[in-house]
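Accompanying notes for the structure given below.
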Amino acid sequence: MSEPADPSPRDLPPAVDGAVGHVAPDADTAAGEHDASMERIVELCKRRGLIFPSSEIYGGLRGAWDFGPLGVALKDNVKAAWKRSMVQLRDDVVPLDASILMHPRVWEASGHVAGFTDPLVECRSCNQRFRADHLEPNAAGEVVCPNCSGREFTEPKAFNLMFRTFVGPTEDTSSLVWMRPETAQGMFVDFAHVQLTSRQKVPFGIAQVGKSFRNEITPRNFIFRVREFEQMEMEFFVRPGTDEQWHDYWIAQRWQWYVDLGMRPGNLRIRDHAKQELSHYSKATVDVEYRFPFAWSELEGIANRTDFDLRQHSEFSGKDLSYYDAERDERYLPYVIEPAAGVDRTMLAFLVDAYREEQAPTAKGGTDKRVVLRLHHALAPVKVAVLPLSRNAALVPTARRLNDLLKPRFDTQYDDAGAIGRRYRRQDEVGTPFCVTVDFQTVESDDAVTVRDRDTMTQERVGLDRVPDYLSERLRLSSR
Ligand code: ATP
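In structure tokens form, the structure reads like this:
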């Protein structure tokens with residue numbers, strides 16, 4: 000593709016401001032220091048019903064997890080924040096929900112049938128299988144089996160990560176389909192249709208959130224590497240020659256998204272891929288990495304996919320996917336910049352980053368450990384907890400009425416079980432920004448309630464009729 004001269008301002012991204020933390024491809028991977036260990040996060044998620052093993056009563060299924068009531072809310076909030084920033088606040092990105100099962104030729108064209116593989120080795124002693132590139136040498140420089148300490152492995156074999164299934168009643172090659180391992184291909188094969196019907200002009204993007212499946216050889220680290228997960232991906236189609244500027248632009252945008260949602264910049268970095276690390280379709284890729292308790296690891300890849308995918312699908316389908324640029328009177332295959340993030344990994348990073356163990360004063364004048372998730376308000380599964388001081392009949396009707404009043408505006412939780420201090424701790428543990436307590440003073444004298452702030456633990460007396468507006472003013476329900 001020849002480099003077109005003189006891009007018009009419309010072709011180019013707005014100037015990027017704000018620094019992003021780039022590091023070299025071989026930057027160290029040392030684990031981060033957090034109040035949270037992975038064990039504590041897993042334990043908290045299970046105990047509070049956020050995330051727990053799939054089909055646990057049957058012993059679970061490796062690499063599969065279920066999201067309980069508060070987990071659903073947190074996950075939905077992560078996805079909503081992404082959609083808001085990537086679609087709602089922009090005029091140049093439109094959404095898509097492509098189906099998970101696609102024509103099998105899609106995966107031949109994309110290169111996944113031939114090349115979406117990981118190197119698989121088997122321990123010759125216990126026959127357990129591992130991803131060769133996940134086996135780390137020990138202090139003596141030897142690679143030993145993590146299961147039985149055996150030292151001999153088979154030669155690495157290319158193992159395709161795509162799950163297969165069959166459509167219809169016959170199970171032969173003509174009915175074979177793949178479970179999509181990424182949502183991206185839906186955006187490529189639907190490119191022309193979406194462009195035409197949404198009347199978008201290049202540069203523009205198509206965004207999608209949805210499930211993907213990968214038969215990972217070694218799922219691990221809780222929901223970090225699983226076999227069924229969700230992705231938030233956006234394909235941004237640009238004029239060739241403007242791709243590098245757009246790549247930088249999207250790297251800065253995506254960095255800012257995490258920071259705006261409260262992630263500590265010191266735990267985030269942008270790692271450039273080395274040449275030999277690049278995927279077959281990529282001209283340049285960076286990973287947004289988070290400093291997890293186990294190591295710096297990828298949350299999101301931001302790739303310059305060139306015109307590889309549109310070219311392949313044009314060739315394999317016989318349908319011309321080139322774009323006619325009326326302003327310039329030229330036809331070309333757009334280049335694509337792709338920010339591709341994982342919902343589950345991002346959610347895990349937000350949990351780890353928000354987790355704090357602190358000393359908090361007790362009613363008796365001492366101190367006690369409290370666990371608090373300092374989640375951005377927009378991510379918190381519950382925004383407001385309504386707590387009658389006790390189940391006393393004098394308090395319940397007012398507390399219920401207040402809960403009903405708040406429910407249409409905020410995600411609330413009504414909790415009247417146990418001592419008030421314990422209830423505050425329960426809400427802190429799941430990151431509820433505000434607790435509203437109805438006490439005897441409320442019903443006997445001042446028609447006001449106590450509003451407690453999760454982060455400062457300060458309490459303020461607020462008139463009952465002012466509570467909804469007070470909360471609206473104090474809650475930051477979006478990141479921008
Ligand atoms: P990895 O190198 O960790 O296997 P990848 O580079 O293959 O990831 P991509 O193909 O770039 O991942 O997918 C985009 C995003 O999808 C990843 O950054 C990650 O957040 C998410 N993702 C990919 N595989 C998994 C998985 N097995 N479990 C959870 N999330 C995943």
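Every letter in the sequence shown is one number past the one before it in numbering that gives the first Met the number 0, and letter 273, counting from 1, is 272. Each residue gets a CB set at the ideal place from its N, CA and C atoms; glycine is no exception. All of these numbers come straight from a predicted model, not from anything done at the bench.
Collapsed DSSP secondary structure at residue i in the structure displayed
i	result
Ala72	helix
Glu326	coil
His312	helix
Gln207	strand
His102	coil
Glu55	helix
Glu135	coil
Gly110	coil
Glu368	It should be pointed out that residue 368 corresponds to Lys in this sequence rather than to Glu. The answer is strand: DSSP assigns Lys368 an E or B state.
Met37	helix
His21	strand
Ala359	strand
Leu470	helix
Ile336	strand
Pro94	strand
Phe190	helix
Residue i CB to nearest heavy atom of the ligand ATP below 7 Å
i	result
Arg61	no
Asp343	yes
Arg225	According to the sequence displayed, residue 225 carries Val and not Arg. Yes; taking the cut-off as 7 Å, the Cβ of Val225 has a heavy atom of the ligand ATP nearer than that.
Glu151	no
Thr430	One detail in the question is off: residue 430 reads as Gly in this sequence, not Thr. No - the ligand ATP has no heavy atom lying nearer than 7 Å to the Cβ of Gly430.
Gly365	no
Glu135	no
Glu276	no
Gln230	yes
Gly114	no
Arg128	no
Arg424	no
Leu298	yes
Glu472	no
Arg213	yes
Residue i - partner residues in DSSP beta bridges
i	result
Met85	DSSP lists no partner for Met85.
Cys122	Phe152
Leu386	Thr436
Gly185	Partner(s): none; Gly185 has no beta bridge.
Gln412	Ala384
Same chain, Cβ closer than 8 Å to residue i, neighbours up to 5 away in sequence not counted
i	result
Gly167	Ser174
Thr441	Leu394, Thr397, Ala447, Val448 and Leu463
Arg224	Gly62, Glu215, Thr217 and Pro218
Leu388	Leu394, Ile419, Thr436, Val437, Asp438 and Phe439
Gly149	Cys122, Arg123, Ser124, Cys125 and Val143
Straight-line Cα distance separating residue j from residue i
i	j	result
Asp367	Ala359	5 Å
Asp410	Trp249	32 Å
Lys282	Tyr423	51 Å
Ala157	Asp117	6 Å
Gln194	Ala302	21 Å
Lys382	Cys122	49 Å
Trp81	Gly365	42 Å
Met37	Gln252	29 Å
Gln311	Phe115	16 Å
Ala35	Glu326	54 Å
Arg330	Ala23	37 Å
Cutoff 7 Å; reference residue i; Cβ partners in own chain excluding five residues on either side
i	result
Asp247	Val15
Arg47	Leu69, Glu428 and Val429
Val461	Ala447, Val448, Val450 and Tyr469
Val105	Gln184 and Val188
Leu476	His376 and Ala377
Thr164	Val176 and Met178
Close beta carbons around residue i, own chain, < 6 Å, minus the five adjacent residues each side
i	result
Phe412	Residue identity check: residue 412 is Gln in the sequence provided, not Phe. Within the same chain, Gln412 has close Cβ partners Val381 and Ala384.
Ala206	Met85, Val86, Val92, Pro94 and Met233
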